[in-house]
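K.L.:
Just dropping this structure here.
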Amino acid sequence: MDSTDISSDLTEILYTKDQIDARVREVAAQIDADYEGKNPLLVGVLNGAVMVVADLSRALKIHCEMDWMAVSSYGSGTQTSGVVRILKDLNTNLEGRHVIVVEDIIDTGLTLTYLMQNLASRDPASLKIMTMFRKPEAIQSPLEIAYVGYDLPNRFVVGYGLDYAGRYRNLTDVGILSPHIYA
Ligand code: 5GP
């Protein structure tokens, strides 16, 4: 679906499908240059990163592999608590691998801080982060984010993998959810 299909659910469209496509290609070109000959492992954080991993991996010109993790960060509605539980672990041994953790969005960075400590303990050759979207708090976080798609305002957004109550992940654009949906 695109934003015209659900226009009354959004107060603003922040990035269109075309803008997202273009930026994913730019980031892929950076990763191509940085990882040539390294066969990086893209670790997608389910469920939100499905779209990013699918598009980023296909935009790469180098070989890569993919694996998935599912974590649940406890919290209600539109806030994260920072308490993380691994629901699905990787199938791949990370020892000696060049790992790029792919996220849909980083807000406080609490979810990823936990995940990065966990992955670093598995002895990868390198470990970096790519996120499609970054919120203002993430810029203040000590997390080092190697690749960023776009910066976002401090608002609750949906689309391109980002959901509200399980919906809107299949929205091709990214926009601000109207408060009447979650009020
Ligand atoms: P953090 O731990 O960085 O604060 O939160 C990261 C997680 O919170 C993301 O993976 C995502 O699931 C959720 N999240 C943070 N901001 C938003 C947002 O604006 N929209 C949606 N749909 N999820 C968000």
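For any residue, its number in my numbering is found by taking its place in the sequence shown, counting from 1, and adding 208. Positions of the beta carbon are idealized from the N, C-alpha and C atoms, including for glycine.
(1) Below 8 Å between beta carbons: does that hold for LEU379 and TYR368?
(2) Distance, Cα to Cα, THR300 vs ASP371?
(3) What are the partner residues of MET338, as DSSP defines its beta bridges?
(4) Measure the Cβ-Cβ separation of ILE337 and LEU327 and say whether it is below 8 Å.
(5) Looking at GLU220 and the ligand 5GP, is the gap between the Cβ and the nearest heavy atom below 7 Å?
(6) With a Cβ-Cβ cutoff of 8 Å, do ARG363 and ILE353 count as a contact?
(7) Comparing alpha-carbon positions, which option in VAL309, ILE308 and VAL279 lies nearest LYS296?
(8) Should the stretch 233 to 249 be called in touch with the stretch 266 to 273, which here means at least 3 C-beta pairs below 8 Å?
(9) Can you give, in chain order, each stretch of the alpha helix (DSSP H) that sits fully within the stretch 211 to 276 and has at least 4 residues?
(10) Taking the alpha helix (DSSP H) that LEU327 belongs to, which residues open and close that run?
(11) Going straight from the alpha carbon of LEU218 to that of THR212, what length do you get?
(12) Report yes if the C-beta distance between LYS269 and ASP229 is below 8 Å; otherwise report no.
(13) Use the C-beta contact count for TYR390: other C-beta atoms within 10 angstroms, 16 or more gives buried, fewer gives exposed.
(14) Going straight from the alpha carbon of LEU254 to that of ASP263, what length do you get?
(15) Suppose you measure from the CA of VAL260 to the CA of HIS388; what does that come to, to the nearest Å?
P.N.:
Inspection of the coordinates gives the following:
(1) yes
(2) 27 Å
(3) VAL310 and TYR355
(4) no
(5) no
(6) no
(7) VAL279
(8) yes
(9) 225 to 242 and 258 to 267
(10) 318 to 328
(11) 10 Å
(12) no
(13) exposed
(14) 15 Å
(15) 28 Å
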